[in-house]
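Visitor:
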Amino acid sequence: MNLPDVDFAQQLRIIGFVSLLALIPFVLVLMTSFTRISIILTFLRQALGTTVPSSQIIIGLSLILTGYVMHPVITEINDLAIAPYFESQEKDKDVKEFAGKAWPPMRNFMLFHTREKDLKLFLDMSHIEIAQDEVFDLSSIPWYCVIPSFVLSELRTAFMMGFLLFLPFLVIDMVVTSLLMSMGMVLLPPVMISFPFKILLFVVVDGWRLIVQQVVNGYQI
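If you count the sequence shown from 1, you need to add 65 to reach the numbering used here.
1. Within a Cβ cutoff of 6 Å, which residues of the same chain sit near Asp144, ignoring the five residues on either side of it in sequence?
2. Within 8 Å, do at least three Cβ pairs link the stretch 95–105 to the stretch 124–134?
3. Figure out for me which residue from Arg110, Ala87, Val92 has the closest Cα to the Cα of Ile264.
4. Do you know offhand how far Val164's Cα is from Ala146's?
5. Of all the options Met239, Gly272, Phe224, Leu186, which has the alpha carbon lying nearest to the alpha carbon of Ile258?
6. Residue ranges of each alpha helix (DSSP H) run of no fewer than 4 residues wholly in the stretch 147–232, ordered along the chain?
7. Can you tell me where the alpha helix (DSSP H) with Leu106 in it begins and where it stops?
8. Using 8 Å as the cut-off, can you tell me whether the stretch 240–256 makes contact with the stretch 206–222, which would need three or more C-beta pairs spanning the two stretches below that distance?
9. Rounded to whole angstroms, what's the CA-CA distance from Pro170 to Ile139? Just pull it up for me.
10. Does the Cβ-Cβ distance between Phe267 and Ile237 come in under 8 Å?
11. Assuming Thr131 is part of the alpha helix (DSSP H), what are its boundary residues?
12. In its own chain, which residues sit with a C-beta less than 6 Å from the C-beta of Tyr93, not counting the 5 before and 5 after it?
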């Protein structure tokens, strides 16, 4: 009985490709603008004191805005790594070479939006010293320092913007509460009265457009 020929190299390439697909959620959440955008939109919903938009809509809008922000980076990765990889006629395609070409655009994007303090923190904890003449040599910074420092910077920026979003709505809550107490209406929930005014303020100032504009402009290079 003749056994069919098995191309183990082809099977290993398929396994490697499937393994790369499993890393897509990790890349999407921690190496793109998705973290900042989703946190800001969640803060906005909490500031409005409402349950809408739903979590699915927030995630969907965050994905769309992430694709818009990351489009130049994705295009560069496609031109440098993805397209040459699939157009190659070689049987044994070098995955390391693919990763080496795809990493620099992502690294440049993350480093551009990373605070120097956050990057220095992880470099110091890893006992990595970069000489003065190597400051602009981005390849000398390891990935396990770039990614967490980028995430830390994104969290800080997102929480700062979330705090600024809370301020105008907090003022409305305080004014409504003071008016109700001055009129002796202590049993009436202030949230019930302030909620329509917060929605009205948000609609009048065209809040969605302003927030999306500020979030996207924060990533413009």
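For glycine and all other residues, C-beta sits at the position ideal for the given N, C-alpha and C. Since we're looking at a predicted model, the values are computed, not measured.
Guide: Quick answer:
1. none
2. yes
3. Arg110
4. Sequence inspection shows Ala at residue 164; the Val mentioned does not correspond to that position. Ala164 and Ala146: Cα-Cα distance of roughly 8 Å.
5. Met239
6. The stretch 147–232 contains these whole alpha helix (DSSP H) runs: 148–152, 160–177, 181–190.
7. DSSP places Leu106 in the uninterrupted alpha helix (DSSP H) bounded by 99–113.
8. no
9. 8 Å
10. no
11. 120–142
12. In the sequence on display, residue 93 carries Leu and not Tyr. Taken in chain order, the residues that qualify are Phe99.
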